[in-house]
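Numbering (the numbering used here), first residue to last: 21 to 310.
Single-structure report; data block below.
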Ligand SMILES: [Fe+2]
Ligand SMILES: [Fe+2]
């Protein structure tokens, strides 16, 4: 099987084959970790572990779809494992970090809309487009961490997680195709949902996770400020990406929107996205320096 854009050669629709016992924890090298990367990983661990709540939401939205509910339950277990692996790694690097306590803080302050009976994206297919966007983003994020980290254990964990996220993308895309056979969606409809989901990366979820993981317990006098926490998290993460990570994520999103990623317009769009990310990093650097 030829490697895909992220360099994976394993089949994508099989279950995860790793557990925390497969991580070479004894190889950990705390001195090889940059503080900014550690902060980003702490926050990511909380978001991953909170996916358990998202399973409840998906079960509500797809209440009559037993095969999808089963897949969503397994997906939630894998996401929780991502959080546990990252949380354990962060605790070994920084023994003052209490993963479970920070997770409780995060879950107490950030709530997903669990009581809905229909997708907030307007339709089941819309929900699956949004899920594809999220998995594209996480796949590129952990691929970037894998490639950027000089700490061997984090490199190993991020490699395992990135492979899982690529499979998750394929899982949601497979179900998306099934729902599109019931009700078609135009390319424009899919693009609108994809754009809206990308724009949501600035909402409370990541910012509050950053606050819970990095601020709330180290300085009890500090109150949550969404804007500064969102900027701090984005600053820690934006600097991780190379062009290849942005391009691969864009290709996955374009595919989910039924757009040919090889077209001239798509290639221009990817280049614009890369330039926009670099421009954003410059702005973030001055924002966090203020
Ligand atoms: Fe994940
Ligand atoms: Fe995932």
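Using N, Cα and C, we set each Cβ at its ideal position, and we do this for glycine too.
As the structure is a computational prediction, the values presented were derived from the model and not from experiment.
For residue 121, the secondary structure class from DSSP, reduced to helix, strand or coil, is helix. Taking a contact to require three or more Cβ pairs closer than 8 Å, the segment 117–129 and the segment 60–76 qualify as touching.
Ligand 2 never approaches residue 262 closely enough for any of its heavy atoms to be under 8 Å from the residue's Cβ. When secondary structure is reduced to three states using DSSP, residue 178 falls in the helix class. Nearest to residue 307 by C-alpha distance, out of 271, 269, 182, 250, is 250. Residue 141 and residue 177 have their C-alpha atoms roughly 32 Å apart. With contact defined as three or more Cβ pairs closer than 8 Å, the segment 36–56 and the segment 72–81 are not in contact. Rounded to whole angstroms, the separation of the alpha carbons of residue 152 and residue 159 is 10 Å.
In this structure, residue 69 lies near residue 123, with their beta-carbon atoms less than 9 Å apart. Excluding the 5 residues flanking it on each side, residue 284 has no same chain C-beta neighbour closer than 6 Å.
Apart from sequence neighbours up to five positions away, the residues of its chain that approach residue 207 with a beta-carbon distance below 7 Å are 277, 278, 279, ordered along the chain. A residue is called buried once 16 or more other Cβ atoms fall within 10 Å of its Cβ, and residue 67 is buried on that count. Counting only runs of 4+ residues, the alpha helix (DSSP H) found wholly inside the segment 221–304 occupies 224–234, 246–258, 263–276, in chain order.
DSSP places residue 37 outside any alpha helix (DSSP H), giving it a letter other than H or E.
Residue nearest to residue 91 within the set 148, 54, 47 is 148 (criterion: CA-CA distance).
Excluding the 5 residues flanking it on each side, residue 154 has same chain C-beta neighbours closer than 7 Å at 217, in chain order.
Taking 8 Å as the cut-off, the C-beta of residue 98 counts as close to a heavy atom of ligand 1. Residue burial annotation: residue 202 is exposed, with fewer than 16 other C-beta atoms found within 10 angstroms of its C-beta. A residue is called buried once 16 or more other Cβ atoms fall within 10 Å of its Cβ, and residue 215, having fewer, is exposed. The closest heavy atom of ligand 2 lies 8 Å or more from the beta carbon of residue 73.
Taking every protein chain shown into account, the CB of residue 125 has 16 or more other CB atoms within 10 angstroms, so this residue is buried. Here the alpha carbons of residue 89 and residue 231 stand approximately 32 Å from one another.
Pairing residue 273 with residue 156 gives a Cβ-Cβ distance under 9 Å. In the displayed model, residue 200 falls within a helix according to three-state DSSP. In this structure, residue 185 and residue 162 form a Cβ contact; the two beta carbons are roughly 6 Å apart against a cut-off of 8 Å. At the C-beta level, residue 265 and residue 164 come within 9 Å of one another. About 5 Å separates the beta carbon of residue 171 from that of residue 49, a gap short enough to meet the 8 Å contact definition. In this chain, the alpha helix (DSSP H) harbouring residue 109 covers 86–113. The alpha carbon of residue 268 has as its nearest neighbour, out of 121, 293, 245, the alpha carbon of 293. Assignment of residue 133 by DSSP, reduced to helix, strand and coil, places it in the coil class.
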